[in-house]
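Trainee:
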Amino acid sequence: MISLQRASLRYGDILGLSPTSFHLGPEGGITGLLGPNGAGKSSLIQLLSGLLPPSGGQVEIFGEAPFRNPAVLSRLGLVPEGDRFPGGMRADRWLRMMAQLSGLEGRALDLALRRALAITGMEARAAQPFTSMSKGMRQRIRLAQALLHEPRLLILDEPFNGLDPEARLQLMDLLRMLAGGGTRVLVSSHILGEVAQLTDRILLLFRGRLLAEGSVPEIRELLDRHPVELRVTAESATAVARWAVEQDELVGLRMEEGGAVLAVRNPRTFLPRLQEAVVDGRLPLAALDPLDLNLDAVFQFLTKDHQ
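Positions 1 to 307 (full-length UniProt numbering) are the ones given, in order, by the sequence shown.
1. Go through its chain and collect everything with a Cβ distance to residue 255's Cβ below 7 angstroms, but skip five positions before and after it.
2. Along the chain, where does the alpha helix (DSSP H) containing residue 151 start, and where does it finish?
3. So what does residue 22 bridge to, in DSSP terms?
4. To which residues of the same chain is residue 186 closer than 6 angstroms at the C-beta, ignoring the five residues directly before and after it?
5. Using a 10 Å radius around the Cβ and a threshold of 16 neighbouring Cβ atoms, would you call residue 14 buried or exposed?
6. Can you have a look at residue 158 and say buried or exposed, based on whether 16 or more other CB atoms are within 10 angstroms of its CB?
7. Leaving aside the five residues before and after residue 239 along the sequence, list all residues of the same chain whose C-beta is less than 8 angstroms from its C-beta, in chain order.
8. Flag this pair as yes or no: are the beta carbons of residue 43 and residue 17 separated by less than 8 angstroms?
9. Drop a sphere of 10 angstroms on the beta-carbon of residue 132, count the other beta-carbons inside from all chains shown, and report buried for 16 or more, exposed for fewer.
10. Quick check on the burial criterion: 16 or more other C-beta atoms within 10 angstroms. Buried or exposed for residue 139?
11. Within 7 angstroms: the Cβ of residue 61 and any heavy atom of the ligand MN?
12. If you drop the 5 nearest sequence neighbours on each side, which residues of the same chain put their C-beta closer than 6 angstroms to that of residue 23?
13. By the 10 Å Cβ neighbour count, where 16 or more other Cβ atoms means buried, how is residue 194 classified, buried or exposed?
14. Measure the C-alpha to C-alpha separation of residue 100 and residue 89 and round it to an integer number of angstroms.
15. Could you pull out every residue in the same chain whose Cβ sits closer than 6 angstroms to the Cβ of residue 81, ignoring the five residues on either side in sequence?
16. To which residues does DSSP link residue 30 through a beta bridge?
17. By the three-class DSSP mapping on this structure, what secondary structure does residue 60 have?
18. Assuming the contact rule is C-beta atoms closer than 8 angstroms, residue 270 and residue 264 should be a hit. Round their C-beta distance to whole Å, please.
19. Can you give me the C-alpha to C-alpha distance between residue 211 and residue 108, rounded to a whole angstrom?
20. Which residues in the same chain as residue 76 place their Cβ atom closer than 6 angstroms to its Cβ, once the five residues preceding and following it in sequence are excluded?
21. Mind checking residue 134: buried by the 16 CB within 10 Å criterion, or exposed?
22. Tell me the DSSP secondary structure of residue 112 in three-state form.
23. Provide the residue(s) that pair with residue 215 in DSSP beta bridges, ordered along the chain.
24. Going by other Cβ atoms of all chains shown within 10 Å of its Cβ, with 16 needed for buried, is residue 232 buried or exposed?
25. Note the first and the last residue of the continuous alpha helix (DSSP H) segment covering residue 282.
26. Can you check DSSP and say which residues form a bridge with residue 255?
27. Does the CB of residue 97 have a neighbour CB from chain D at under 8 angstroms?
28. Quick check: the Cα distance between residue 46 and residue 252, rounded to an integer number of angstroms?
29. Indicate the three-state DSSP secondary structure (helix, strand or coil) for residue 77 in the structure shown.
30. Measuring only the C-alpha atoms, how far is residue 124 from residue 174?
31. Distance check for residue 213 and residue 234, CA to CA, integer angstroms please.
32. I think residue 249 touches residue 266, with their Cβ atoms under 8 angstroms apart; what is that distance to the nearest whole Å?
33. Let's test the definition: count the other Cβ atoms within 10 Å of the Cβ of residue 7 and tell me whether it reaches 16, buried, or not, exposed.
Right, dumping it as structure tokens:
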């Protein structure tokens with residue numbers, strides 16, 4: 001389904017992606033693109049989604065070059081980073097307009113709209129204007145837009161940014177459901193824990209290079225050597241700290257005004273337990289923000305022989 005042969009991307013004199021090669025088969029599943037800011041994730045997504053042609057090498061999706069190729073783009077769904085909805089517009093009207101731009105009309109359009117809203121659980125909210133929606137709800141509408149034409153390949157660029165723990169869990173469940181139905185899902189993130197608990201396979205990117213590729217257990221051997229820092233915001237940061245110190249993964253705790261910073265090892269086991277405690281009301285958590293600092297340290301460690 002996805003094949004790159006020494007594909008690269010330049011922005012003038014700036015190299016966004018070094019010559020990169022990998023292959024992903026047609027079977028459904030979730031693959032993670034993991035790397036800190038500036039790693040080349042967005043450059044790779046621009047190549048895969050046909051937004052830009054490669055500066056060198058070859059990119060093939062479904063056996064064809066994606067750039068300006070309707071045969072490829074009609075089978076690909078993209079959820080780009082950022083939220084640029086027209087604030088006063090109703091979500092269902094926006095989706096209808098996007099469906100028309102995709103070539104859908106009449107009964108086929110109505111069926112596609114109902115299907116996308118049902119998958120994302122937004123049927124009852126679709127008549128609301130975007131200004132009245134939470135970030136999690138808007139993210140579901142963005143996903144619904146990408147699903148209107150029933151793509152075989154779904155690409156999401158940093159889809160969990162800014163979402164609260166419950167919204168993250170819900171989005172992860174949606175992506176797992178789509179992958180279980182045969183859709184190939186590609187998710188980019190700079191957060192170790194998110195990728196480790198969601199994906200079947202990981203591509204590690206750093207400074208425009210594909211550094212490593214492997215299954216989650218294989219990559220975890222590299223990732224789990226370094227603690228991940230999580231900034232939590234809560235009405236009772238003390239209650240969060242009391243819960244955290246009972247967890248085996250905690251290796252550091254720093255209290256801040258209105259919250260705390262937790263340093264944890266093995267986020268793949270820690271984060272689901274934290275999210276469950278928040279969802280069932282045991283922890284008064286208002287926000288959870290994984291920090292970049294330790295991720296950069298991990299990649300510096302992984303690239304010490306490649307500098």
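Heads up, the beta-carbon is just placed ideally off N, CA and C, and yes, glycines get one too.
Mentor: Concretely, from the data shown:
1. 237 and 241
2. Careful: residue 151 lies outside any alpha helix (DSSP H) and carries neither H nor E.
3. 4
4. 31 and 155
5. Around the C-beta of residue 14, fewer than 16 other C-beta atoms lie within 10 Å, and the residue is accordingly described as exposed.
6. buried
7. 283 and 284
8. yes
9. For residue 132, the number of other beta carbons within 10 angstroms of its own is below 16, and it is reported as exposed.
10. buried
11. Among the components of this structure there are no ligands whatsoever, and the ligand MN is therefore not found.
12. Answer for residue 23: 3, listed in chain order.
13. buried
14. 16 angstroms
15. 157 and 158
16. 185
17. strand
18. 5 angstroms
19. 43 angstroms
20. 151 and 153
21. exposed
22. Note: residue 112 maps to helix in three-state DSSP.
23. Residue 215 is bridged by DSSP to 201.
24. Counting every other CB atom within 10 Å of its CB across the protein chains shown gives residue 232 a total of 16 or more, marking it as buried.
25. Careful: residue 282 lies outside any alpha helix (DSSP H) and carries neither H nor E.
26. 260
27. In the structure shown, chain D does not exist; there is a single protein chain.
28. If I take the Cα positions, the gap works out to 38 angstroms.
29. strand
30. 17 angstroms
31. Rounded to whole angstroms, the separation of the alpha carbons of residue 213 and residue 234 is 37 angstroms.
32. 5 angstroms
33. buried
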